[in-house]
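What follows is one structure encoded as structure tokens, with my remarks underneath.
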Amino acid sequence: MTDPAPAHFLSTRAGRCRLLALAFALWTLIIVLKLSQIMILQRDRYVAEMSRESWREGTIPPLRGRLLDRNGTPLAWSTRHFALIYHVPDNPALIETDIVDLARLLPAIRLPLAEIRRPGAPREIHLKQAISPEEAEVLGEICRKLPRLRLGSYFVRHTHPNRQIRKRLGQVKNFRGLVIGISGQEKEQDHLLRGCPGKFRIMVDRKGNWLPQTWQKVRELRPGYDVYLPLLAENGDRQP
Amino acid sequence: MSGLQPLSSLIRRNMTAVTAIALALSLFGCLAIYNATFHLAVPFFYVGRQLIWLLLGSMLMLAAVNYAARLTSRSILTLVLCAYLSLWAVLRFGIRINHMRGWFACQGVLMQPSELAKPVFVLGLSWLLKRTSTHGTCWYRGFLPLHLYLLLWLVPLALQPDFGALLIYSLTFAMLYWAMGRPIRHTAVAAAAALPATVFLLSLKPYLKVRLIGFLNPELHAETAGWHILQFQKTLANGGLLGQSWGKGLWSQAYLPLAYSDSMFAAVGEALGFLGLLPILLLMLAWVGYGYRRFIQIDDDFRAAAVLGIVLLLACQAFIHLSVNLGLMPTTGLTLPLFSYGGSSLLSTLAAVGIVEGLSRQATTS
Chain A
49 MTDPAPAHFL STRAGRCRLL ALAFALWTLI IVLKLSQIMI LQRDRYVAEM SRESWREGTI
109 PPLRGRLLDR NGTPLAWSTR HFALIYHVPD NPALIETDIV DLARLLPAIR LPLAEIRRPG
169 APREIHLKQA ISPEEAEVLG EICRKLPRLR LGSYFVRHTH PNRQIRKRLG QVKNFRGLVI
229 GISGQEKEQD HLLRGCPGKF RIMVDRKGNW LPQTWQKVRE LRPGYDVYLP LLAENGDRQP
Chain B
6 MSGLQPLSSL IRRNMTAVTA IALALSLFGC LAIYNATFHL AVPFFYVGRQ LIWLLLGSML
66 MLAAVNYAAR LTSRSILTLV LCAYLSLWAV LRFGIRINHM RGWFACQGVL MQPSELAKPV
126 FVLGLSWLLK RTSTHGTCWY RGFLPLHLYL LLWLVPLALQ PDFGALLIYS LTFAMLYWAM
186 GRPIRHTAVA AAAALPATVF LLSLKPYLKV RLIGFLNPEL HAETAGWHIL QFQKTLANGG
246 LLGQSWGKGL WSQAYLPLAY SDSMFAAVGE ALGFLGLLPI LLLMLAWVGY GYRRFIQIDD
306 DFRAAAVLGI VLLLACQAFI HLSVNLGLMP TTGLTLPLFS YGGSSLLSTL AAVGIVEGLS
366 RQATTS
């Protein structure tokens, strides 16, 4: 009598089941290796790519300093206002889609279509200025639906009503969100009045919407200094 | 108080370590769903619904533990018939979501029959495996009825089309068929026959081809076909070794599509990190080991096949979900059992765990 040959382990159900369990163990190992590749070994590469794709930087314009007479009476001062701003995209096809969306979302606003479509038009177009807080709440919701639409701020420079004084103070101009002096005392004292814009970075989603919880300050904003001029408001352009 | 007595007795009699772990994982899944959706306009929409499904699913699981041992041929065939007809009914009365007609909708509640039918498919298959066990090697009496059974189930799934479910049903069938001692040549012939069918399906549905192209080279198609795969990987990479903690996974909130269902593993990975994912992987592997242990303990063919089939079905679904989330497989719409959002998926998974426990308990008792 000889013993029967032992059955091959794959010919039994338990053997086959064991092989299946081993296959799953191997699958798990492959998953762990791939996980470690993505989450540990190549993490830096992915994170750099994500940062490039999803983080945007922006500036916060500073409040321009005041020009005061020698008694401290304001001769020129700035106030901040809010506007609904449309950021014109480079792609003309996108502009046309946006126009349709804008007309649908903002039926009450008359769109400056010619200006939006004009080649070489400014990249930012103010669709509505001097927005009240109540209006800002409603428009903020609309902005979420069209990421190129934003609520932004701008400054208006007010000056003393006296014509002579105004002439002496000179004029300012908005340049990329920054108010700069182009003539008179505004130009002469510009380095003091201008201030230093703040800088922030924020993550945006796939549609370009900001994720408010990711807002980070990169550089502190510094408002412009107030400058006292050697003149008196009631004297006009006369030297003291 | 007396009304609660049958319920507490049902819990006391049928709660086992495995059912308790399944419930704990489902609760953890609810936390993961909240983590993926709390930034939405209605933060409790998904998690609230999932908790209701979890409550119903727990009852179903405990009932399944209780009644699985009492399943008769008649009750199995009734269940199979109902589940199978529901797959055809959804083609006529169902609604279409993401190009797939796979859901019944009633008063805002969606039910996906292909999910609910999964354990029933395995029960029917196990019953058939037992019935044909004496003709295992015969092409006519062993191979044909079982493959015809599979084909009958795959047709309505392909018509929906629910290719994720189709893949799970086919894989579970192939593995169970082979594990139950059927000849390997049967599986080889069936696989060879399935190949032209797969090519035909690929040519019929262009989006499948696009997914395949995206899978093969995601970076080349970063803005189109490969976009989803890249987002999976970036979300996981953002998690790093220790994770970003709950609620701080920004990438899954802002970029990852379906972070609460089809992309659940990546979303959890971002929150928990590499080290946090390892226990989940170990639990999945332990589930397969548990199935193996139960399988070799059970003498009865039907119960052994049903237990192993359900364990393989859930394991396959979980492993495919993970592989898709890691870019190891092309994207398919498969949920992570117990974790992902979806009432049908949760009910079906908890019922399946209950059936495994019920049938295993019967084996241990006998």
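Sequences listed follow chains A and B, in order.
Going by my numbering, the first sequence opens with residue 49, and the numbers climb by one from there.
Going by my numbering, the second sequence opens with residue 6, and the numbers climb by one from there.
Using N, Cα and C, we set each Cβ at its ideal position, and we do this for glycine too.
Computed from a predicted structure; not experimentally measured.
Nearest to residue i (by Cα), restricted to the options the options
{"i": "A/Lys-265", "options": "A/Gly-106, A/Asn-119 and A/Arg-152", "result": "A/Gly-106"}
{"i": "B/Val-23", "options": "B/Val-316, B/Leu-341 and B/Leu-327", "result": "B/Val-316"}
{"i": "B/Gly-254", "options": "B/Leu-263, B/Pro-262 and B/Thr-240", "result": "B/Thr-240"}
{"i": "A/Glu-268", "options": "A/Leu-111, A/Leu-142 and A/Asn-210", "result": "A/Leu-111"}
{"i": "A/Phe-130", "options": "A/Ile-147, A/Glu-182 and A/Gln-85", "result": "A/Glu-182"}
{"i": "B/Met-185", "options": "B/Asn-222, B/Ser-131 and B/Ala-170", "result": "B/Ser-131"}
{"i": "B/Phe-98", "options": "B/Gly-53, B/Cys-111, B/Cys-87 and B/His-104", "result": "B/Cys-111"}
{"i": "B/Tyr-182", "options": "B/Gly-147, B/Val-273, B/Leu-351 and B/Phe-270", "result": "B/Gly-147"}
{"i": "A/Pro-271", "options": "A/Ile-78, A/Gly-113 and A/Leu-68", "result": "A/Gly-113"}
{"i": "B/Ala-264", "options": "B/Phe-237, B/Gly-248, B/Met-289 and B/Leu-277", "result": "B/Phe-237"}
{"i": "A/Pro-167", "options": "A/Asp-138, A/Leu-226 and A/Leu-159", "result": "A/Asp-138"}
Alpha helix (DSSP H) segment containing residue i, residue limits
{"i": "B/Val-23", "result": "22-42"}
{"i": "B/His-104", "result": "Element bounds for B/His-104: n/a, residue is neither H nor E."}
{"i": "B/Gly-294", "result": "269-302"}
{"i": "A/Arg-166", "result": "From DSSP, A/Arg-166 is part of no alpha helix (DSSP H); its letter is neither H nor E."}
{"i": "B/Val-85", "result": "78-98"}
{"i": "A/Val-80", "result": "61-84"}
{"i": "B/Gln-238", "result": "232-244"}
{"i": "B/Ile-325", "result": "306-330"}
{"i": "B/Tyr-72", "result": "50-72"}
{"i": "B/Lys-253", "result": "Element bounds for B/Lys-253: n/a, residue is neither H nor E."}
{"i": "A/Asp-149", "result": "140-153"}
{"i": "B/Gln-10", "result": "10-19"}
{"i": "A/Arg-158", "result": "No alpha helix (DSSP H) holds A/Arg-158; DSSP gives it neither H nor E."}
{"i": "B/Trp-144", "result": "Looking at the DSSP string, B/Trp-144 is not in any alpha helix (DSSP H), and its letter there is neither H nor E."}
{"i": "B/Ala-179", "result": "168-184"}
{"i": "B/Gly-129", "result": "123-136"}
Terminal residues of the beta strand (DSSP E) in which residue i lies
{"i": "A/Glu-236", "result": "Taken as a continuous stretch (DSSP letters only), A/Glu-236 belongs to no beta strand (DSSP E), being part of the alpha helix (DSSP H) at 232-236."}
{"i": "A/Trp-103", "result": "103-108"}
{"i": "B/Arg-190", "result": "First-last for B/Arg-190: 189-209, but that is the alpha helix (DSSP H), not the beta strand (DSSP E)."}
Cβ-based burial, residue i [other Cβ within 10 Å; buried from 16]
{"i": "B/Leu-156", "result": "exposed"}
{"i": "B/Cys-321", "result": "buried"}
{"i": "A/Arg-242", "result": "buried"}
{"i": "B/Thr-177", "result": "buried"}
{"i": "A/Gln-237", "result": "buried"}
{"i": "A/Glu-234", "result": "buried"}
{"i": "A/Leu-150", "result": "buried"}
{"i": "B/Gly-107", "result": "buried"}
{"i": "A/Lys-221", "result": "exposed"}
{"i": "B/Ala-193", "result": "exposed"}
Bridge-paired residues (DSSP) for residue i
{"i": "A/Tyr-134", "result": "A/Ile-173 and A/Leu-197"}
{"i": "A/Leu-116", "result": "A/Pro-122 and A/Tyr-276"}
{"i": "A/Ile-250", "result": "A/Arg-104"}
{"i": "B/Met-116", "result": "B/Phe-109"}
{"i": "A/Gly-229", "result": "A/Val-220"}
{"i": "A/Gln-264", "result": "A/Arg-249"}
{"i": "A/Val-204", "result": "A/Thr-127"}
{"i": "A/Cys-244", "result": "A/Arg-270"}
{"i": "A/Trp-26", "result": "Residue 26 of chain A lies beyond the stretch modelled for chain A, which goes from 49 to 288, so this question has no answer here."}
Neighbour flag for residue i against chain B, beta carbons, 9 Å
{"i": "A/Ala-62", "result": "yes"}
{"i": "A/Phe-72", "result": "yes"}
{"i": "A/Ala-141", "result": "no"}
{"i": "A/Leu-159", "result": "no"}
{"i": "A/Ile-100", "result": "Sequence check: residue 100 of chain A is Arg here, not Ile. No, its Cβ sits nowhere closer than 9 Å to a Cβ of chain B."}
{"i": "A/Arg-249", "result": "no"}
{"i": "A/Cys-191", "result": "no"}
{"i": "A/Lys-265", "result": "no"}
{"i": "A/Lys-221", "result": "no"}
{"i": "A/Trp-75", "result": "yes"}
{"i": "A/Glu-182", "result": "no"}
Cβ of residue i within 9 Å of any chain A Cβ
{"i": "B/Met-269", "result": "no"}
{"i": "B/Phe-33", "result": "no"}
{"i": "B/Arg-239", "result": "Here residue 239 of chain B is Lys; the residue named in the question, Arg, does not match the sequence. Closer than 9 Å: yes."}
{"i": "B/Ser-365", "result": "no"}
{"i": "B/Val-273", "result": "no"}
{"i": "B/Val-85", "result": "no"}
{"i": "B/Leu-263", "result": "no"}
{"i": "B/Ile-315", "result": "no"}
{"i": "B/Met-20", "result": "no"}
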